[in-house]
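Visitor:
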Amino acid sequence: MLRGVVAAVLAVLLCAMGLSPAHAQEKSATKEGFVLKSKSARILLIRPSIKVGAQSTGGMFEPNADWTAQARENIGVALAAAQNKLGNEVIVAEEPIGQSAQTLADYRALFSVLADSVVTYQFFAGNRLPTKKRKGIFEWTMGPGVAEIAKGTGADYALFIFNEDQYGSTGRKILQLFAAMAYVSVKSGEHKGFAGLVDLHTGDLVWLNADLEMGGDVRTPEGAQKRVAQLLEDFPGSALQPVSAVK
Amino acid sequence: MTACLLGALPADAKESIPILPPYTGAYQPQGVDERGVWMVADEDERMLRDSKAVINDAKLNQYLRDVVCRTVGDARCNGVRIYVVRDADFNAWMAPNGTLAVNTGLLLRVRNEAELAGVLGHEFAHFELRHSLLGYKHKRTAGDIAAWAGVGAAAAAAYGYGSVRSYQSIERSAIGSIYAFSRVQEREADLMSMAYLKSSVYDPRCFADIWDRLMDEADATARGRKQRSARYDRVAFFASHPTSLERATYLRGIAATMGKAGEDDSARFRMALAGWRPEFLTDQLKLNDFEGTDYLIGELAGAEWTADLLFSRGELYRARGNPRDLVSAISFYRDALLQDPTNANAYRGMGLAQLRSRDPAGVETLKKYLGMKPDASDRAMISTLLQ
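Line by line, the protein sequences are chains A and B. Under the working numbering, the first residue of the first sequence is numbered 259, with each subsequent residue one higher. Under the working numbering, the first residue of the second sequence is numbered 64, with each subsequent residue one higher.
1) State yes or no: is the beta carbon of glutamine 360/A nearer than 9 Å to at least one beta carbon in chain B?
2) Closer than 9 Å, Cβ to Cβ, to anything on chain B: give me those residues from the segment 417-444 of chain A, in chain order.
3) Report yes or no: do the segment 285-303 of chain A and the segment 370-390 of chain A share at least 3 C-beta pairs separated by less than 8 Å?
4) What residues in its chain sit with their C-beta under 8 Å from that of tyrosine 295/B, if we drop five residues either side in the sequence?
5) In chain A, what lies closer than 7 Å to serine 114/B by C-beta?
6) Name the two residues that bound the continuous alpha helix (DSSP H) containing alanine 66/B.
7) If contact means a Cβ-Cβ distance below 9 Å, which residues of the segment 196-210 of chain B contact chain A?
8) Can a CB atom of chain A be found closer than 9 Å to the CB of glycine 225/B?
9) Suppose only complete runs of 4+ residues qualify. What are the alpha helix (DSSP H) ranges in the segment 151-225 of chain B, listed by chain order?
10) Residues of chain A with a CB under 8 Å from the CB of leucine 218/B: which are they?
11) What ranges does the beta strand (DSSP E) occupy inside the segment 329-372 of chain A, keeping only unbroken runs of at least 3 residues that lie completely in it?
12) What residue from Lys349/B, Glu362/B, Ala281/B, Thr284/B has the CA that sits closest to aspartate 150/B's CA?
13) I need the boundaries of the beta strand (DSSP E) containing lysine 431/B, first residue and last residue.
14) Could you list the residues in the segment 123-139 of chain B with a C-beta less than 9 Å from some C-beta on chain A, going in chain order?
15) Under 8 Å, with one C-beta from each stretch per pair, do the segment 481-488 of chain A and the segment 385-396 of chain A reach the 3-pair mark?
16) Taking DSSP as the reference, what is the three-state secondary structure of threonine 399/A?
17) For tryptophan 325/A and leucine 303/A, I'd like the C-alpha separation in whole angstroms.
18) By the 7 Å beta-carbon criterion, what residues does the segment 305-335 of chain A contribute toward chain B?
19) For tryptophan 368/B, name the three-state secondary structure that DSSP assigns.
20) Assuming contact is defined by CB atoms lying nearer than 9 Å, are glutamate 249/B and serine 303/B in contact in what I supplied?
21) Glycine 429/A: which of Ser245/B, Ala218/B, Phe270/B, Thr204/B sits nearest, CA to CA?
22) Cutting at 7 Å between CB atoms, please list the residues of its own chain near isoleucine 80/B, excluding the five before and the five after it.
23) Is any beta-carbon of chain A found at less than 9 Å from that of tryptophan 101/B?
24) The alpha helix (DSSP H) with leucine 448/B in it runs from where to where?
25) Is there a Cβ from chain B that is less than 9 Å from the Cβ of alanine 367/A?
26) At what residues does the alpha helix (DSSP H) containing glutamate 448/A begin and finish?
27) Comparing the C-beta of proline 35/B with each C-beta of chain A, is any distance below 9 Å?
28) So glycine 454/A and leucine 463/A are in contact, right, with Cβ under 8 Å, and what is the actual spacing, rounded?
29) Can you tell me which of the three DSSP states glutamine 313/A falls into?
30) Against chain A, does glycine 161/B count as a neighbour if the rule is that its beta carbon must be under 9 Å from one of theirs?
31) Starting from the N-terminal side, write out each stretch of the alpha helix (DSSP H) that is 4 residues or longer and does not extend beyond the segment 457-491 of chain A.
32) Do you know how far the Cα of lysine 431/A is from the Cα of serine 236/B?
33) I want to verify the contact list: residues of chain A whose CB lies under 9 Å from the CB of arginine 228/B, in sequence order.
34) Leaving out five residues before and five after glutamine 341/A in sequence, what residues of the same chain have Cβ atoms less than 6 Å from its Cβ?
35) Would a check of beta-carbon distances place arginine 193/B closer than 9 Å to chain A?
36) Over what stretch of residues does the beta strand (DSSP E) that includes aspartate 423/A continue unbroken?
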């Protein structure tokens with residue numbers, strides 16, 4: 259009996275150390291009534307934030323420069339392939355200099371706060387803010403000032419992509435096995451990604467996909483394709499693509 | 064001529080400063096771990112470069128670069144990019160790829176160039192000694208041990224193999240070792256900084272003085288917040304740095320053994336930072352730390368109360384706002400205006416303090432403020448007080 263209690267306490271402690279799996283949650287939403295008309299929109303792709311590495315036995319992130327470079331390249335190629343299918347024009351944002359670099363940095367930071375807020379206060383059903391409870395409601399905005407980041411590109415939408423992968427090391431997997439024998443659940447590896455589309459005319463967030471458990475090994479071209487497909491799953495307008503692909 | 068405190072020659076000098084190793088420029092990271100750590104640092108630097116928190120002033124940056132170069136030498140300072148971060152806390156940090164961030168709170172608190180050189184040399188030492196990488200590796204090993212000990216404890220609880228407490232004690236030591244390792248690195252960086260200072264133009268005796276004042280300031284802050292002040296005679300479990308007392312003591316001991324004098328270059332420092340101080344003080348005032356800030360302002364003034372310090376002290380007292388504080392604030396503003404009659408904000412503060420003290424003279428003072436600053440952003444607000 260006492261042993262069971264101690265084991266339970268330890269399990270709670272280990273969970274607190276970040277060893278427990280993420281809880282189920284919603285992962286995608288589109289603004290009410292929003293449709294992206296095929297072949298009509300110019301989408302500005304902001305430099306994706308990509309981080310790939312291993313997870314040590316103790317659960318620490320070990321950044322890996324080679325894997326990250328591979329993933330950056332693979333995801334880039336996969337995105338380019340996906341662009342064609344979307345039927346919309348996707349412009350890759352150039353790295354700005356001077357004042358516009360600061361503005362872009364501000365809006366990238368704002369987007370990541372916004373995406374976090376959506377995940378915390380809307381996607382977690384139990385934690386939903388009262389204003390986000392009505393069915394089908396998805397009202398989040400960055401403000402019309404965001405148009406500034408696309409000045410001169412003529413883009414209608416901005417696409418933000420974040421990706422973080424931690425592959426469980428061998429040590430982590432062995433630990434997981436032994437921990438399971440001691441009735442403690444240890445999670446090996448972490449694969450988070452989110453993609454969001456912002457209307458540059460109004461600043462509204464029209465679509466967000468945030469998945470804390472993504473598939474596809476971004477270190478390989480095929481895996482990256484799978485990941486990008488998952489990231490852009492339910493992308494507004496993507497359902498129309500087979501039609502344009504027929505011809 | 065130097066104003067830095069002289070230390071007594073330590074009875075048994077345990078600390079010895081390292082001999083500067085040969086330095087190769089344009090170092091590239093080697094191996095998976097180091098390349099990974101650098102990659103993260105590179106990404107972070109991109110963000111820092113474009114951050115609003117960074118003060119992009121070519122002159123200030125050049126000055127700090129000069130100080131780094133004068134401290135560590137021209138060959139070494141080439142690998143450094145400097146970012147002045149608008150943050151009122153006393154801090155500076157250096158990333159493994161050569162990013163050097165200097166808080167404005169540090170620039171506000173150091174008194175001369177020799178002290179600044181000590182801190183910047185300390186940060187550079189972290190870079191040269193590749194402390195981030197070594198710390199990262201140590202943390203990983205300690206984390207691995209802690210995780211296994213955690214599983215061991217769970218197994219002991221479930222099956223009764225071994226004792227839970229001994230596993231937990233291993234876990235604790237592993238976690239404690241992360242902080243102990245960090246303290247060793249900080250000490251190493253201090254010693255290395257003294258080695259740089261030895262071959263520089265600066266007086267190595269100045270570096271120790273910073274820590275004395277930081278202790279006094281922390282004590283003042285604690286007093287103001289009705290907290291117990293920190294103990295400097297023992298090390299806390301989670302302390303990442305040696306205590307300020309320990310640092311002041313060994314740095315002073317080393318400087319005394321070195322027997323080297325040098326420049327403190329306080330005039331150069333004052334000239335470079337003079338224009339910035341009012342701005343840094345404004346940020347400090349927002350920390351809502353009456354006692355600590357009052358100590359700091361007094362320390363900056365020494366025997367010579369300049370207009371910017373008097374004005375800041377007025378703002379500090381007016382913000383606390385007890386009737387007696389308002390009386391003090393008014394006199395600080397008045398003294399500030401005697402030295403610098405062009406400071407419209409001093410009229411503003413004085414007028415508001417007077418009005419709150421039911422002194423009708425406040426109306427005239429505020430009119431004077433609006434007259435001097437017709438396009439003040441709070442014009443409408445102030446005008447309502449004048450009806």
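The beta-carbon is built from N, C-alpha and C at its ideal position, and this holds for glycine as well.
Guide: Once the coordinates are examined:
1) By one-based count along the first sequence, residue 360/A stands at place 102. Yes, contact with chain B.
2) Those residues of the segment 417-444 of chain A that come within reach of chain B (Cβ to Cβ, closer than 9 Å) are Gly429, Arg430, Leu433, Phe436, Ala437, Met439, Ala440, Tyr441, Val442, Val444.
3) Judged by Cβ distances under 8 Å, the segment 285-303 of chain A makes contact with the segment 370-390 of chain A, as three or more pairs qualify.
4) Sequence index remark: in the second sequence, residue 295/B carries index 232 (1-based). Around tyrosine 295/B: Met278, Thr306, Ser307, Leu308, Glu309.
5) Position 51 of the second sequence, counting from 1, holds the residue named residue 114/B. Residues of chain A passing the Cβ test: Ala363.
6) By one-based count along the second sequence, residue 66/B stands at place 3. That residue, alanine 66/B, is in no alpha helix (DSSP H); it is neither H nor E in DSSP.
7) The segment 196-210 of chain B vs chain A, Cβ under 9 Å: Tyr199, Lys202, Arg203, Thr204, Ala205, Gly206, Asp207, Ile208, Ala209, Ala210.
8) Numbered from 1 along the second sequence, position 162 holds the residue referred to as residue 225/B. No, glycine 225/B does not count as interfacial toward chain A.
9) 167-172, 176-191, 194-222, all fully within the segment 151-225 of chain B.
10) The count along the second sequence starts at 1 and reaches residue 218/B at position 155. Reading off the sequence, residue 218/B comes out as alanine, not leucine. Simply Phe436, Met439, Ala440.
11) Every unbroken stretch of the beta strand (DSSP E) spanning 3 or more residues and falling wholly within the segment 329-372 of chain A is given here in chain order: 347-350.
12) The residue labelled residue 150/B in the question sits at position 87 within the second sequence. Among Lys349/B, Glu362/B, Ala281/B, Thr284/B, the Cα nearest to that of aspartate 150/B is on Lys349/B.
13) Taking the first residue of the second sequence as position 1, residue 431/B is located at position 368. Taken as a continuous stretch (DSSP letters only), lysine 431/B belongs to no beta strand (DSSP E), being part of the alpha helix (DSSP H) at 424-435.
14) Listed by position along the chain: nothing, the set is empty.
15) In the pairwise beta carbon analysis, the segment 481-488 of chain A is classified as not touching the segment 385-396 of chain A: fewer than three pairs are separated by under 8 Å.
16) Numbered from 1 along the first sequence, position 141 holds the residue referred to as residue 399/A. Look at threonine 399/A here: in three-state DSSP terms it is strand.
17) Residue 325/A sits at position 67 when you count from the first residue of the first sequence. Residue 303/A sits at position 45 when you count from the first residue of the first sequence. Each residue's alpha carbon lies about 22 Å from the other.
18) Here the close residues are Gly311, Ser314, Thr315, Gly316, Gly317, Met318, Glu320, Pro321, Asn322, Ala323, Thr326.
19) Along the second sequence, one-based indexing puts residue 368/B at 305. Correct three-state label for tryptophan 368/B: coil.
20) On the second sequence, residue 249/B is found 186 positions in, with the first residue counted as 1. On the second sequence, residue 303/B is found 240 positions in, with the first residue counted as 1. For glutamate 249/B and serine 303/B, yes; Cβs fall inside 9 Å.
21) Indexing the first sequence from 1 puts residue 429/A at position 171. Check the Cα spacing between glycine 429/A and each of Ser245/B, Ala218/B, Phe270/B, Thr204/B: the tightest is with Thr204/B.
22) Position 17 of the second sequence, counted from the start, is the residue given in the question as residue 80/B. Counting only Cβ-Cβ distances below 7 Å, and skipping sequence neighbours, we find Leu254, Met257, Ala258, Lys261, Ile317.
23) Along the second sequence, one-based indexing puts residue 101/B at 38. It does: the Cβ of tryptophan 101/B has a partner Cβ on chain A nearer than 9 Å.
24) Counted from its first residue, the second sequence places residue 448/B at position 385. Run containing leucine 448/B: 442-448, per the alpha helix (DSSP H) assignment.
25) Against the first sequence, residue 367/A aligns to sequence position 109. Yes, contact with chain B.
26) Counting from one through the first sequence, the residue named residue 448/A turns up at place 190. For glutamate 448/A, no alpha helix (DSSP H) segment is defined; the enclosing uninterrupted segment is the beta strand (DSSP E) at 448-457.
27) Because chain B is modelled from 64 through 450, residue 35/B falls outside the range shown and cannot be assessed.
28) On the first sequence, residue 454/A is found 196 positions in, with the first residue counted as 1. On the first sequence, residue 463/A is found 205 positions in, with the first residue counted as 1. Glycine 454/A to leucine 463/A, Cβ: 6 Å. Contact.
29) Indexing the first sequence from 1 puts residue 313/A at position 55. Strand.
30) On the second sequence, residue 161/B is found 98 positions in, with the first residue counted as 1. Chain A has no Cβ within less than 9 Å of the Cβ of glycine 161/B.
31) Taking only runs of at least 4 residues, the alpha helix (DSSP H) segments lying wholly in the segment 457-491 of chain A are 479-489.
32) Stepping through the second sequence from its first residue, residue 236/B is reached at position 173. Stepping through the first sequence from its first residue, residue 431/A is reached at position 173. Going from the Cα of serine 236/B to the Cα of lysine 431/A covers about 24 Å.
33) Position 165 of the second sequence, counted from the start, is the residue given in the question as residue 228/B. Within 9 Å Cβ-Cβ: nothing; arginine 228/B doesn't reach chain A, min ~11 Å.
34) Here residue 341/A corresponds to residue number 83 of the first sequence, with the count starting at 1. Within the same chain, Cβ atoms closer than 6 Å to the Cβ of glutamine 341/A are found at Val348, the five residues on either side in sequence being excluded.
35) Counting from one through the second sequence, the residue named residue 193/B turns up at place 130. It does not: the Cβ of arginine 193/B has no partner Cβ on chain A nearer than 9 Å.
36) Within the first sequence, residue 423/A is the residue found at index 165, counting from 1. Per DSSP, aspartate 423/A belongs to the beta strand (DSSP E) from 415-426.
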